[in-house]
Structures are given as structure tokens and as C-alpha cells.
Amino acid sequence: MDEMLYKEIVSKENLVYEKTSLMTEKVLSYCPGCGHGTAHRIIMEVLDEMDLQEATIGIAPVGCSVLAYEFLNIDMQQAAHGRAPALATGIKRTWPDKIVFTYQGDGDLAAIGTAETIHACNRGENIAIFFINNGIYGMTGGQMAPTTLPGMKSSTSPYGRDIKMMGHPLKITELVAQLPGTHFVTRQAVHTPANVRKTKKAVKMAIENQLNKKPGLSFVEIVSNCNSGWKMTPIQSNQWMVENMFPYYPLGDIKVNGDFVNQ
Amino acid sequence: MGELKLLKGNEAFAEAAIRAGVDAYFGYPITPQSEVLEYFMAEKPHERSGMVVLQAESEVAAINMVYGAASTGKRAMTSSSSPGISLKMEGVSYMAGAELPGVILNVVRGGPGLGTIQPSQADYFQATKGGGHGDYRLIVLAPSSVQEMYDFVKIAFELTFKYRNPVMMLSDGVIGQMMEKVQLSDPIPRRTDAEVIKECPWATTGKPKTRERNIITSLYLQALKQEKHNIHLQEKYRMIEESEVRFEKFQCEDAEYLYVAYGSSARIAQNAVQKARAKGIKAGLLRLITLFPFPKKEIASLANNVKGMIAVEMSAGQLVEDVRLAVNGKVPVEHFGRMGGVIHSPEEVLNALEKRFIGG
Chain R
3 MDEMLYKEIV SKENLVYEKT SLMTEKVLSY CPGCGHGTAH RIIMEVLDEM
53 DLQEATIGIA PVGCSVLAYE FLNIDMQQAA HGRAPALATG IKRTWPDKIV
103 FTYQGDGDLA AIGTAETIHA CNRGENIAIF FINNGIYGMT GGQMAPTTLP
153 GMKSSTSPYG RDIKMMGHPL KITELVAQLP GTHFVTRQAV HTPANVRKTK
203 KAVKMAIENQ LNKKPGLSFV EIVSNCNSGW KMTPIQSNQW MVENMFPYYP
253 LGDIKVNGDF VNQ
Chain E
542 MGELKLLKGN EAFAEAAIRA GVDAYFGYPI TPQSEVLEYF MAEKPHERSG
592 MVVLQAESEV AAINMVYGAA STGKRAMTSS SSPGISLKME GVSYMAGAEL
642 PGVILNVVRG GPGLGTIQPS QADYFQATKG GGHGDYRLIV LAPSSVQEMY
692 DFVKIAFELT FKYRNPVMML SDGVIGQMME KVQLSDPIPR RTDAEVIKEC
742 PWATTGKPKT RERNIITSLY LQALKQEKHN IHLQEKYRMI EESEVRFEKF
792 QCEDAEYLYV AYGSSARIAQ NAVQKARAKG IKAGLLRLIT LFPFPKKEIA
842 SLANNVKGMI AVEMSAGQLV EDVRLAVNGK VPVEHFGRMG GVIHSPEEVL
892 NALEKRFIGG
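Each protein sequence line maps, in turn, to chains R and E.
To convert a position in the first sequence, counted from 1, into the numbering used here, add 2.
To convert a position in the second sequence, counted from 1, into the numbering used here, add 541.
This is the structure in C-alpha cells:
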């Protein structure tokens, strides 16, 4: 392309989208098609728009997002598997004016870290938990997760999850909504622009709840795909998610401002 | 100076934390150390110094709360007893790997397993050889009185921040539960947030525009980077071994036989020394204050002057291995100790010396 023409087209006033400076220049390590990158960007955009870089401390889990701190341009701590809500408690209790969030997958949050999750929620820690649920252990090679659907194949349920033998998928978001310590509980997705907008609104509310010192914890589940772990193309995995994950994990607000939303 | 007060060892530890300007304590009840959390809650440290005290849902959560607070430069601590310390070891290994300051008190009870609630010193290996996974060391302080349960809190925080390495206070059920007079110190105010940020430029206190983001992690996926990190840690441990060895000698000048002991066993051994001297036996005591760093040089040097040593410890023989390594075959090194929560008497300790070295 003619350089003059390029400069004319790629000008400030023509820009409709710009990467937030709260995402680093590091290339994402996630598989192409994965929802993690979008979820990262949404959270960082909200913090950027609210000018909260200096006020925020984030916590990365063990799992695919173990290296989240490489991509998020804020101060971050890396937690042991499942312990992120305990770290967040330690931070928030000693720095009550900081914005503190954890970013956790389903294995981290709903299996090994169940106790830390439930008790942070139950104490009403004034933090945000961003919970990426893709129904599988992605990082370790696609093993069965607490949220793996009945009949769903994984490397440790190669003939499909047999609920008689392996138990039921855990709806931990509905579970924590029952606790008086949660102030805002919602389930969203990031596979379409409309869903991205709704998720961004939910993330913003979770952060505002901390800024405004609302009593309790904000819990945002993002149902996401894992095309590699599910052995599908990105498009197939999103379709499969809509057809199979959403009926079991329905999207929408469960609790807002401490009150249950009628669904 | 502050006042003189009659306190349990566990209570002295808690009182010291409030007066030393500690920012946070996270704990979980377990015998014989539950008085730590109980004393804190009764004292309302939030009103006295602004210190945070929280009863966690488990020992695992408590140590990870310490990790979170420590990562922001705050002075954070926890305490437990043996089975609970085993649970904490995951978090302790992460703290050592991420080079975080923090103080952990173990009021040791008999094991293995659920064991007993009676006093023991059988967690020596766990404390001094790392305890969790990976190549790491804790700085280990061994109080032998209620006063030291108080005094060592301040020392522990100085050391833990100086080296950015977790410090363990290895106590036991005797020291934790018994009451003694304690000379209290005047309270030191907690640091302001601005002071914390200035003192700990490495901490995750929120990224201003003026610096790069701070990251607290123990993860280095590339083997060469992880090895480099390990070499750095080992260099730090060597520095600690050079500079921080602490011990106390009792009647060692002319001693022919030497007891080596720490904590409550050192008190019992001191009594045995007096009994031995009354019978004309030239006994002495080397009381270890730091278990890591271990006083290798001092023990090697004492081995030139004595006929034999006995490690006295309430265990099947753990400390004795380190004494033997330091003595390196120069003189015989024996072990004496009761197990499973039984506390040895001074007479038993004296008998052990007479039987093994003097005959009869």
C-alpha cells in the first residue's frame, strides 16, 4: 500500500479500537481461539478506563493462566494451586483501599481451592473473583475438571464423564450465590461481541463494588471454550459451548447488590 | 521499658507481635498453640496497633494469607503445631521460592500423624531441612523460655526482611504452655503504607507509572532460569550461615563432656550439667539458638576439647545427625531423648552421660 495512503487511513481519528496499555507487549501464550485473551483484555480495559492501575493487585492461579502476570501490566502475585482467594484475603485485609482480584480456572477454583473459594465468599471479603470455566484442565493436557459435563470426554474420562463413578459437574457459582457474603454473582461468556460487552459490564460492576466498599465479594464466572482440550476447531468449540455448556451453566446475573435476581 | 508480666509462651508470642508493629496474623486452632489466636482475639490488636488478626478456614489458607500480605511488604505471621505445620509446608515452600518475608511458629507436639498433644522436638528435620518440596532453607530460631518466645519475634522479623526468607520459630509444647515472667518492651508503631512501599520496592503494592510492575512468583519454567534462581537462593543461605549463627555456652570452658540441645531440652540439660558438676563430672552445655544456620564451626572447635558429646532432644535422634556431621568423627556423639510426648528428666539425661561415657 502507498505509505501516504496508509498514514491517512491509520490515523487517530479513524481508530475504532486500541489495545489498552494495561496489556503488555508480550504475545499471549494461549491457544488461538481460546477465551482467556479476551477475558484478560476486558479486565484490563475496565481498570484502564477507571484509572486503577496503581490501585490494583492481581493474583494469578495455577492452570493455563499461570503466566497471566506476563500479560497484565499491573502488580501481580502468583498463587499455589487453588489458594488465590487466601492470598487475596491477606492483601485486602492489610490494604483495604486496594482493588484486589483473583483470576482462576475451574480446576483451581472449584476442585483444589474449593475451601478457599467458599470461605473467602462466606467471609464477604471485599474482593473480585474472575472465574474462567471451560470444563477441563487445559494446562495439564485436558483432564476431567469438576465442571466437566456428564458424558463429556477428557483424558481422564476417555469414555465420557460417568456421573455414577465420577460425580456431578459442580455449579459452584450457584453455590457461592447462596452465601450471605457474596454481593454480586453473575455468569457471562466472551464468544460474541454482545457477550463481551455484557462481561465488561459485569467486570466493571465487580470493580465498582470494591471502590464503593459494598459489603461482600463479587464473583464473575466466564464460561469459556477450550478448543485444544475439547479437540475441536475454535468455531466448533464455541458452537459446542452454546449447545452444551450454556444449558448446564445458564448465562446471566444470579445476585446483584446482595439480592437474588428472578430468572 | 514496658512492664513485667506473667504469660504463657504462646501468649508472649502474641503480645510480642502487637508490640513489635507486626501487621497481620492468620491462624487456625490446634493444641498446644491455640492460646496464640485466643490471646490475640481477646487483646483486640486492631484497636491497640491496627494489626489484622484473622481465624482462617485451615492452616493451608492461613499460610497463603501470610503469602498474600507478605507479598505486599507487610509484616505477616502464622502459628500452628506439628500436624498443622505439615499442612502449611506447601505455602512455606512457595514463600521460600518467591523469597517472601514471614514468620511461622511451630509449637511442636508428638507425632507422627495425629500423634499426641504432649510436647516433642520431632519436627527438627522438617524445620531445618526445608520441610516442603524443593531445595530451600528456613532460618530457624529455637526459644527455650517464655522470654525468648517474646524476644525472638522481633529478631525473627528483622531476619526475615533482611534476607527475604521465611523464619520459623521452632518451639514445643513445654515452652508454649508454661508460664514465666516476661519483661515486655515498649510498643513500636506499625509502619505506614508509605513506609512499607519505601522499605520494600520489590513488593506488589500497586504499580505507579514510575516503575515497572512487580511480580511475586516462584515459577521459572525454563530449567536454566530456575537453576540460576536456585544458585541465588543457595548463595543467600551461605550468607546466612556466615553471619547469623547464634548459640549460648554453659560451663563449656573446662568441660570434658558436652550436651548439645535446644529449646526445652536445653533447660533440662542445663540442670543435668549442674547435677553432673555436683558429682565431680565436668559436663557442659552448648545451647543452640539458631538451628539453621547450624553452629558447625563452634561444634567442630569444641570437639577438640571434649571426650564426647550427647545430643539431647525429644525425638528419635534428628539433631544428633547434624552434630555428628560437624564433629566429623573426632569424638563419639551419642543421642538421648524420649519420644511421643514424654519429657525426659534431668536425672535421665545425667544417667545417659554416665552410662555412655563414664561407665557403670
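A virtual CB, placed ideally from N, CA and C, is assigned to each residue, including glycine.
Nothing here was measured: the structure is a model prediction, and the numbers come from that model.
In this structure, the beta-carbon distance from R/A147 to R/Y139 falls below 9 Å. Within 8 Å of the CB of R/R95, the CB atoms of chain E belong to A565, V593, L595, M606, A610, in sequence order along the chain. With a 10 Å radius around the Cβ and a threshold of 16 neighbouring Cβ atoms, E/I571 comes out buried. When C-beta distances to chain R are compared with 7 Å, the residues of the segment 621-653 of chain E below that value are E631, G632, Y635, in chain order. A direct Cα-to-Cα measurement between E/S805 and E/T745 gives close to 39 Å. For E/V853, the pairing in a beta bridge is given by DSSP as E/A802, E/F877. Listed as beta-bridge partners of R/M78 by DSSP are R/G60, E/I756. Taking the C-beta atoms as reference points, R/A122 is found nearer than 9 Å to R/T91.
In this structure, the straight-line span from the alpha carbon of E/L646 to that of R/K202 is close to 44 Å. Residue-level contact check: R/N246 does not touch chain E, since none of the beta carbons of chain E fall below 9 Å from its beta carbon.
With fewer than 16 other beta carbons inside 10 angstroms of its own, E/T751 counts as exposed.
Flagged as an interface residue toward chain R: E/E598, by a C-beta distance shorter than 9 Å. The beta carbon of E/P730 does not come within 9 Å of any beta carbon belonging to chain R, so the residue lies off that interface. R/M247 has its alpha-carbon roughly 27 Å from the corresponding atom of R/P182. Beta-bridge partners of E/F554 (DSSP): none assigned. When C-beta atoms of the segment 875-884 of chain E are compared with those of the segment 829-846 of chain E, fewer than three pairs fall below 8 Å, so the two segments do not count as touching. The three-state reading of DSSP puts E/G568 in strand, counting E and B together. Look at the segment 676-689 of chain E: it has no residue with a C-beta under 8 Å from a C-beta of chain R.
For E/L682, the closest C-alpha among the options E/G625, E/V644, E/I658 is that of E/V644. Against E/P749, the close residues of chain R are Q55, E56, in the order they occur along the chain (beta-carbon pairs closer than 9 Å).
Scanning its chain for C-beta atoms nearer than 8 Å, with the 5 sequence neighbours on each side dropped, one finds around E/D734 the residues T746, in chain order. Restricting attention to E/I729, E/R865, E/M709, the CA atom closest to the CA of E/E556 is found in E/I729. For E/N771, the nearest beta carbon of chain R is not closer than 9 Å to its own beta carbon.
DSSP, read as helix, strand or coil, puts R/Y105 in strand. Secondary structure in the segment 167-198 of chain R: the beta strand (DSSP E) runs of 3 residues or longer, each lying completely within the stretch, are 184-191 in chain order. When DSSP states are grouped into helix, strand and coil, E/I884 belongs to the coil group. For E/K615, the chain R residues whose Cβ falls inside 9 Å of its Cβ are G92, I93, T96, W97, in order along the chain.
In chain order, A744, T745, T746 place their CB closer than 6 Å to the CB of E/T613, counting only its own chain and leaving out the 5 sequence neighbours on each side. Secondary structure remark: continuous alpha helix (DSSP H) runs of at least 4 residues inside the segment 109-169 of chain R, in chain order: 116-125, 165-168. In this structure, E/V853 places its C-beta atom within 9 Å of the C-beta atom of E/A893.
Contact of R/K100 with chain E by beta-carbon distance below 7 Å involves G747. Interface flag for E/T701 against chain R is unset, since no Cβ pair is found closer than 9 Å. The DSSP-derived three-state label of E/F788 is strand. The alpha-carbon separation between R/A62 and R/R95 amounts to approximately 19 Å.
At a beta-carbon threshold of 7 Å, the residues of chain R lying near E/I757 are Q79, Q80, ordered along the chain. Below 8 Å, enough C-beta pairs join the segment 757-767 of chain E and the segment 68-88 of chain R to call them touching: three or more.
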